[in-house]
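Peer 1:
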Amino acid sequence: MVKGCMVIKPNGYAVWEKLQRDLDTRFKETGHKNAYFPLLIPMSFIQKEAEHVEGFSPELAVVTHAGGKELEEPYVVRPTSETIIGHYFSKWIQSWRDLPLLINQWANVMRWELKTRMFLRTGEFLWQEGHTAHSTHKEAQEEARRMLNIYGDFAETTMAMPVIKGDKTDSERFAGALKSMTIEAFMQNGMALQAGTSHDLGQNFGKAFDVKFQNKDGEEEFVWQTSWGVSTRLIGGLIMTHSDDNGFVVPPKLAPVHVVIVPIYRKEEQRAQILEAAERIQQDLQKNRIGDWPMVVEIDDREGYKPGNKFYYWEKRGVPLRLELGPRDLENGQIMSKARAGKSVEKTAWPLQGDEGLSEKIMKLMNDMQRDLYEAALNRREKMSMRIDSYDEFKQIYSKGSVFSHVHWCGDSACEAKIKDETTVTIRCIPWDAEEEKGGCIICGKPSNKRVLMAKAY
RNA sequence: CGGGGCGUAGCGCAGUCUGGUAGCGCGUACGGUUCGGGACCGUAAGGUCGGAGGUUCGAAUCCUCUCGCCCCGACCA
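All letters in the first sequence, in the order written, are residues 45 to 502 by my numbering.
1) Given a cut-off of 8 Å on the beta-carbon distance, is the pair residue 165 and residue 157 in contact?
2) Identify whether residue 54 lies in helix, strand or coil by the three-state DSSP scheme.
3) So what's residue 144 in DSSP terms, helix, strand or just coil?
4) Going by DSSP, which residues form a beta bridge with residue 499?
5) Helix, strand or coil: how does DSSP classify residue 314 here?
6) To the nearest angstrom, how far is the alpha carbon of residue 146 from that of residue 464?
7) Just tell me which of 367, 126, 447 and 366 has its CA closest to the CA of residue 245.
8) Provide the residue(s) that pair with residue 152 in DSSP beta bridges, ordered along the chain.
9) Where does the unbroken beta strand (DSSP E) through residue 5 begin, and where does it stop?
10) Specify the secondary structure class of residue 215 as computed by DSSP and reduced to three states.
11) Would you call residue 346 buried or exposed, if buried means 16 or more other Cβ atoms sit within 10 Å of its Cβ?
12) Look at the alpha carbon of residue 48 and the alpha carbon of residue 224, and state the distance between them as a whole number of angstroms.
13) Please report the residue range of the alpha helix (DSSP H) in which residue 453 lies.
14) In whole angstroms, give me the CA-to-CA distance for residue 395 and residue 367.
15) Identify, in the order they occur along the chain, each residue of the same chain with its Cβ nearer than 8 Å to the Cβ of residue 321, setting aside the five sequence neighbours on each side.
16) Counting C-beta neighbours from all protein chains within 10 Å, is the total for residue 211 16 or more, i.e. buried, or is it exposed?
17) Are residue 242 and residue 192 close, meaning C-beta to C-beta below 8 Å?
18) In terms of residue numbering, what span does the beta strand (DSSP E) encompassing residue 343 cover?
19) According to DSSP, residue 243 sits in a beta bridge with which residue or residues?
20) Anyone know if the C-beta pair for residue 179 and residue 136 falls short of 8 Å?
21) Can you tell me the Cα-Cα spacing of residue 120 and residue 69, whole angstroms?
22) Which same chain residues end up closer than 8 Å to residue 344 when comparing Cβ atoms and leaving out the 5 residues on each side of it in sequence?
Take a look at the structure:
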């Protein structure tokens, strides 16, 4: 097994498929079309944009031999596709009528990392990269901002993961971009996770790859481009946002399995009776839909395991709701329900017949859980967020771990670097919703008119 | 690449100092009894002790070399 590569087993991959479908729908709703570009990129392409090469060369995997011979020109395994897409855009675009060109690609990429971490930083990962070309800078800027907003909305409504939207500082900018924007998520240990980025590429790649169009006045101009991406890192974010001591917690909108029914019985005739009832409930519930997907209901009829063992098994996997069905329940016309997370986690008896059917109850519970998970995550973040105005206090707090801090910063990258060197804490973003406030840089004291978000980051 | 640690059953480990039949827990398979918060009994399968060389009557254990992995210090979604 190559270091940094990962296998995503079915349960995890099912989560990825749901993330993917949801995002893909959002991209298509905003006019983007999917396409696919090659895995291998000629080295010379990467070298065309100066800052891009410099940024990526330390983490490139390069193919030097193929077909039993050394290649004349090495190929890099794509770390991202701006260059090869720039190459094709220059062939596809001639006129302002060809713009905007709105392309997305679902692909794997490889970045040779020194330190890897499951889902959060892997050598190979799956992602989506949007690449667009526009006739004006303003339009490209709007596009980049629109896509970051889509990421933000997606993270909060589908993943139940609160994020802070903002601009990256120059030192954290994507190699080759004019400006990078980010959604920063809060992990339960106080660290930040860059969960998605969107870049205003300006004309940098247009110039490097000669992507020109003729405008309405008949003049040639370079296109204005954007790129934006989220990756399987989101699964890591999901895990580190919602999991608890009992294991994984999956928001209903992303759950591969929504409900598990654990049958409880002693005698053989009870078993038959209970499984029959469980199957009826299963069929009934599976008529529901959660988001774009049918509700998935599993019956755990494995023999040789006691119910308690099954409870722990499904909790570990994050299934939102467990239903227990035993002889006592059948007698009383009820079923026991136990939610995995949310405000109503107490085990409750639900009547099988009544004014409100089981389906309605469960759909309501799924909605509530989705909301509760978001609120709980937001509360955790708020509890570990603070304003800090003295560097001594800052160092003191971060010597013990990480929090989200809001501090004044003058905008000078030297002050930013000093903090990073001394504390490993970085500026995660300049939040869009930061309020105007007069203050002094935490390092040099020079004036600052708003606070930036700082944290240790994955 | 510098410092530290570890390679023994699918997983987690003991055994190494002081050489003498390769073990324990979990898991797995089969049979039985169980079943409302991690069941129990019985039986069984499963090992090039990371690799190579050496010392020895005898090496998981001692010596030499080697490979791999993990943690800590310099890059990044």
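Every residue gets a Cβ at the ideal spot worked out from N, C-alpha and C, and that includes glycine. Just so it is clear, the structure is predicted and the values come from calculations on it, not from any experiment.
Peer 2: On the basis of the supplied data:
1) The Cβ-Cβ distance between residue 165 and residue 157 falls below 8 Å.
2) Of the three classes helix, strand and coil, the one that applies to residue 54 here is helix, per DSSP.
3) Three-state result, residue 144: coil.
4) 470
5) helix
6) Approximately 37 Å between the Cα atoms of the pair.
7) Ranked by Cα distance from residue 245, the options 367, 126, 447 and 366 are led by 126.
8) Note: residue 152 sits in a beta bridge opposite 170.
9) The chain is shown only over 45 to 502; residue 5 falls outside these bounds and no answer can be derived.
10) helix
11) Around the beta carbon of residue 346, a 10 Å sphere encloses fewer than 16 other beta carbons of the protein chains shown; the residue is thus reported as exposed.
12) 26 Å
13) That residue, residue 453, is in no alpha helix (DSSP H); it is neither H nor E in DSSP.
14) 12 Å
15) 369 and 374
16) buried
17) yes
18) 341-343 is the extent of the beta strand (DSSP E) around residue 343.
19) 224 and 271
20) no
21) Going by the C-alpha atoms only, they are around 31 Å apart.
22) Listed in chain order, the non-local C-beta contacts of residue 344 below 8 Å within the same chain comprise 304, 305, 306, 307, 354, 357 and 358, local neighbours out to five positions each way being set aside.
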